[in-house]
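Protein chains: 2
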Amino acid sequence: MKRPPDGLSPIVALDRRLGRPLHRQLYDGYRDAILDGRLRPGQRLPSTRSLADELGVSRIPVVTAFEQLGAEGYIESRVGAGSFVSPALPGHAPRPPTAAPVPGGRRRVPPLRLGICAEPWLDHEGAFRVGQPALDEFPADTWARLVARRSRLLPRRHMTYGDAMGLLSLREALADHLRTVRSVRCTAEQIMIVSGSQQALAVAGLALLAPGDAAWIEDPGYPGARDALTLAGARLVPVPVDAEEGLDVAAGIARCPSPRIVYVTPSHQYPLGVVMSAARRLRLLDWARRRGAWVLEDDYDSEVRHDSQPIASLQGLDTDQRVIYIGTFSKVLFPALRVGYLVIPPDLLARFRRVRDAMDIFPSPLYQAVLGELIRDGHFARHLRRMRAVYAERRRLLVSALERELGDRARIAGDRAGMHLVLRLPRGADDRDLAAQAARAGISVIPLSSCYLASRGQKPGLVLGYGATRAAEIADAARRLTSILVDHRRRGV
Amino acid sequence: MKRPPDGLSPIVALDRRLGRPLHRQLYDGYRDAILDGRLRPGQRLPSTRSLADELGVSRIPVVTAFEQLGAEGYIESRVGAGSFVSPALPGHAPRPPTAAPVPGGRRRVPPLRLGICAEPWLDHEGAFRVGQPALDEFPADTWARLVARRSRLLPRRHMTYGDAMGLLSLREALADHLRTVRSVRCTAEQIMIVSGSQQALAVAGLALLAPGDAAWIEDPGYPGARDALTLAGARLVPVPVDAEEGLDVAAGIARCPSPRIVYVTPSHQYPLGVVMSAARRLRLLDWARRRGAWVLEDDYDSEVRHDSQPIASLQGLDTDQRVIYIGTFSKVLFPALRVGYLVIPPDLLARFRRVRDAMDIFPSPLYQAVLGELIRDGHFARHLRRMRAVYAERRRLLVSALERELGDRARIAGDRAGMHLVLRLPRGADDRDLAAQAARAGISVIPLSSCYLASRGQKPGLVLGYGATRAAEIADAARRLTSILVDHRRRGV
């Protein structure tokens, strides 16, 4: 692109049949566009040549109009750069349409049952922010090199409409990866690439639920899953989770014996961090098989385990195609990738494909191609190994800081995996107030009580992420947090 | 990343309390993983050092196990490259779980009302494929340069979770662009970036509709819009479109006087190509205001106009915040970008934001950052000008080829805009059969009848895209298509 860039043309109606000469109509049109804010101070204008071409007129009226606009101070020309709306004009912002009150007779929008997303502890990115990986340890140079190369190669088939399931090369690499590392039983054909686990949940919900269908969800649990299933019309049935074995399958059966969907995080429950026991896994699969329910296994951070014995996926135990397996690269690489995936039972493939097609057609291929390369070349496996060591170290530092500050009052829940743990608080502690106080002190913890749907059985606590908190910051941040806790207890709140 | 890359570890359970030595447990675990397909022939294995670290054992049992696996031919080592599963093993594919028949007692999935996506004319990318832009004219070098630079810069805030509305820098550039070029009345705060107009429709539908709410849709119309609104629970009300004025608002009012949503493509109706008349625009807005309906204005290809007089958006005429404006970069740049946008009335912003958050949280920032730069620097405006000339020329060539071959039987519908036109066929012609025949001859046209929802009022025709068909190919492809038509007529079908 050697020629100087060009500006945009506002809509100016020219009519040769009008008495007014063309240059006058152009002048009026541009002046109006400047005065009513459609063209802003400093905004680039088209060249007189391209504007004349576009309007199908000679250059003379265009040059005449621009000269007059320039003479009156509406626009100015800079040698070699083109013409611009004068930056000196009163910079009135374009008037936003005001949010008009809804008149009495007007129909209201239907009630939206989604949760609230503005909570003080979600506002900023302080220490212990949950769900953020160690971006400081991300191999940014390798990544940039791979992205740059892929974007130069950009083949034609990566520019047109693509497969709703995603790029086959990534799906093949992922199938190998999941079979090996997670004991998932799958072929590439069963994998759908989506823009993160949130879209995976939304697609699964819309594919499987009719409005009002029951869905078991873990309680406490992941609010994003509640929102995705609610969006799809689910009637949520909270099922308790205990700190020893995970989802209480018997309690679920007692409350709602025929759910259409069961949402579960068996490898590392969010937020409690417990690994679901083998007995409960088998009971859940057996129940799902007998009742024709589907199990959404959200394996959101299973790649990040600190111990030597990994936990095989629930999907790998399923002999009856009742499990939809969900994973994401948000935690092992970075969230803004927006790449996650579903492993779909063969008899549901056509259905999921149609829902995805209706929702957003297909995913953009650039990052998919880079990820496929990263996995195939072994960079990904090495990055996982490194990150496990990083997170194990950060967890160790956090636990010892909490134990140093709180002594035997430090009750820590959660297996040694993932990027978060739970600090349990004494009965009656107001964890929301504590989280709000911590947020004001620059520390982003999530109150455990905010993760419950049912009001019964709530236990106070704080969910602490250690993924994105550097080792050097952990002790100090833990000290600031615990001093808020100690203060809170002293005040007897 | 200087060290050689590393392979993945399958799940192998080690138990020191078992009688079997560790090297034997490792050998058994890896052999099983190879035999049952979790490790494929040729797949890379972890190094003995990293596997020993990971399992928390000394290297000796790992080396012993690998030596035995090597001796028995399960794995092989290559100097400097690491160990791999032997490529020579019988390459049994991993067994896909078979699609089991649904037992009688099992609950079935709810009926999915989405359309069928496998039609012969959608299968491949021949000449006249609808909805594809001129990728051969895309400034691929400039694009690759901008993407490479942005991906090297990758700031931390573009790696973490971002705003559900999208990147502010792109929204600001787009607000300027839309105010100037489309007379859209908006500020950057009202713009939400989504992954194409399909997601825009899905978000709008899920934000505004309760299950069973009525939605007017143009008939004939865009099947993707029908699918997105159906996904959101809409009851579709087909409203006829006439070739002179577009959506027949009076007919819509007669059929369904209180829709919650009206879907319309006023600038260039898909598929008929008609521009909606000013009288019908004002009537629609007035009706929407009085009934509290929302209008989804899908301005999918409005940037591509061949004439000098652009058509201002419907949104710019709306004084009562009833219009949700939808645009996309798929047609002006390339579809695999997956970037589109909504302009949302201020009183609906919180609602749309919540739905987007539940659907997929936020869009990936890389391409957004590049697009913002492209618009601000003027490259985008120049590209638009160039593409208009390209499409005007391709349309001219197609129309004259059709007229040359068909004489006065060439009845062409559609204003001089966008990237498609409609070739009308005589009453009784079987346009689906013709499109299927054309597909077999490598020509991708869409039967007009497939764009209708109602069975009444269907008119046969072929929708021809000229966006992606090179000028040099147009005459020949038109000749092959018209010979199929002439044949069809001769056979009296």
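Protein sequences appear in the order of chains E and D.
Mapping of the first sequence onto our numbering: residues 18 to 510, in sequence order.
Mapping of the second sequence onto our numbering: residues 18 to 510, in sequence order.
Glycine is no exception: its CB is placed at the ideal position from the N, C-alpha and C atoms.
Values in this document were obtained by computation on a predicted structure and should not be read as measured data.
Three-state secondary structure (DSSP) of residue i
{"i": "E:L498", "result": "helix"}
{"i": "E:M376", "result": "helix"}
{"i": "E:R428", "result": "strand"}
{"i": "E:D315", "result": "strand"}
{"i": "E:A446", "result": "coil"}
{"i": "D:G269", "result": "helix"}
{"i": "E:F145", "result": "coil"}
{"i": "E:H437", "result": "strand"}
{"i": "D:D493", "result": "helix"}
{"i": "E:V356", "result": "coil"}
{"i": "E:D45", "result": "helix"}
{"i": "D:L12", "result": "With chain D running from 18 to 510 in the structure shown, residue 12 of chain D is simply not present."}
{"i": "E:Y384", "result": "helix"}
{"i": "E:G99", "result": "strand"}
{"i": "E:R339", "result": "coil"}
{"i": "E:R1", "result": "Chain E is shown only over 18 to 510; residue 1 of chain E falls outside these bounds and no answer can be derived."}
{"i": "D:D259", "result": "strand"}
{"i": "E:V80", "result": "helix"}
{"i": "D:G482", "result": "strand"}
{"i": "D:L56", "result": "coil"}
Proximity below 9 Å, CB of residue i to CB of residue j
{"i": "D:I278", "j": "D:A227", "result": "no"}
{"i": "D:R272", "j": "D:V254", "result": "yes"}
{"i": "D:P276", "j": "D:W233", "result": "yes"}
{"i": "D:Y44", "j": "D:P27", "result": "no"}
{"i": "E:L388", "j": "E:F397", "result": "yes"}
{"i": "D:D23", "j": "E:G344", "result": "no"}
{"i": "E:V291", "j": "E:D432", "result": "yes"}
{"i": "D:L301", "j": "D:V266", "result": "yes"}
{"i": "D:L25", "j": "D:P58", "result": "no"}
{"i": "E:D377", "j": "E:S168", "result": "no"}
{"i": "D:S284", "j": "D:D318", "result": "yes"}
{"i": "D:A485", "j": "D:E136", "result": "no"}
Residue-chain proximity (residue i, chain E), Cβ-Cβ < 9 Å
{"i": "D:F83", "result": "no"}
{"i": "D:Q286", "result": "no"}
{"i": "D:M176", "result": "yes"}
{"i": "D:T247", "result": "yes"}
{"i": "D:V138", "result": "Checking the sequence, you will find Trp at residue 138 of chain D rather than Val. Not closer than 9 Å to any Cβ of chain E, the Cβ of D:W138 fails to qualify, so no."}
{"i": "D:P63", "result": "yes"}
{"i": "D:V372", "result": "yes"}
{"i": "D:V119", "result": "At D:V119 the pLDDT is 41, less than 50, meaning the model places this residue with poor confidence and gives no usable figure here."}
{"i": "D:T486", "result": "no"}
{"i": "D:P38", "result": "no"}
{"i": "D:H194", "result": "yes"}
{"i": "D:R411", "result": "no"}
{"i": "D:G122", "result": "The predicted position of D:G122 is uncertain, since its pLDDT is 40 and thus under 50; no value can be drawn from it."}
Proximity test, Cβ basis, 9 Å: residue i and chain D
{"i": "E:A494", "result": "no"}
{"i": "E:S26", "result": "yes"}
{"i": "E:P113", "result": "Note on E:P113: pLDDT 43, under 50, position unreliable in the model; the coordinate value appears next. Closer than 9 Å: yes."}
{"i": "E:H109", "result": "Low per-residue confidence applies at E:H109: pLDDT is 49, beneath 50, and the placement is therefore not dependable enough to give any value."}
{"i": "E:R402", "result": "yes"}
{"i": "E:F346", "result": "no"}
{"i": "E:L302", "result": "no"}
{"i": "E:D230", "result": "yes"}
Member of the options whose CA lies at the smallest distance from the CA of residue i
{"i": "D:M404", "options": "D:A434, D:R421, D:S381 and D:L415", "result": "D:A434"}
{"i": "E:F346", "options": "E:G333, E:D377, E:L401 and E:A458", "result": "E:L401"}
{"i": "E:G250", "options": "D:D153, D:A375 and D:Q475", "result": "D:A375"}
{"i": "E:L68", "options": "D:F351, D:E390, D:V198 and D:G269", "result": "D:V198"}
{"i": "D:P362", "options": "D:I208, D:G241, D:I460 and D:H323", "result": "D:I208"}
{"i": "E:E420", "options": "E:R307, E:G459, E:I392 and E:S500", "result": "E:S500"}
{"i": "E:I51", "options": "E:T65, E:R76 and E:G90", "result": "E:G90"}
{"i": "D:A98", "options": "D:V80, D:P104 and D:S64", "result": "D:S64"}
{"i": "E:R146", "options": "E:R306, E:R473, E:R497 and E:G482", "result": "E:G482"}
(request) Starting from the N-terminal side, write out each stretch of the alpha helix (DSSP H) that is 4 residues or longer and does not extend beyond the segment 448-479 of chain E. (result) List check, alpha helix (DSSP H) in window: 448-457.
(message) Ignoring anything shorter than 4 residues, give me the alpha helix (DSSP H) runs that lie fully in the segment 177-250 of chain D, in order along the chain.
(response) If we require 4 residues or more, the alpha helix (DSSP H) runs fully inside the segment 177-250 of chain D come out as 185-199, 214-225 and 240-248.
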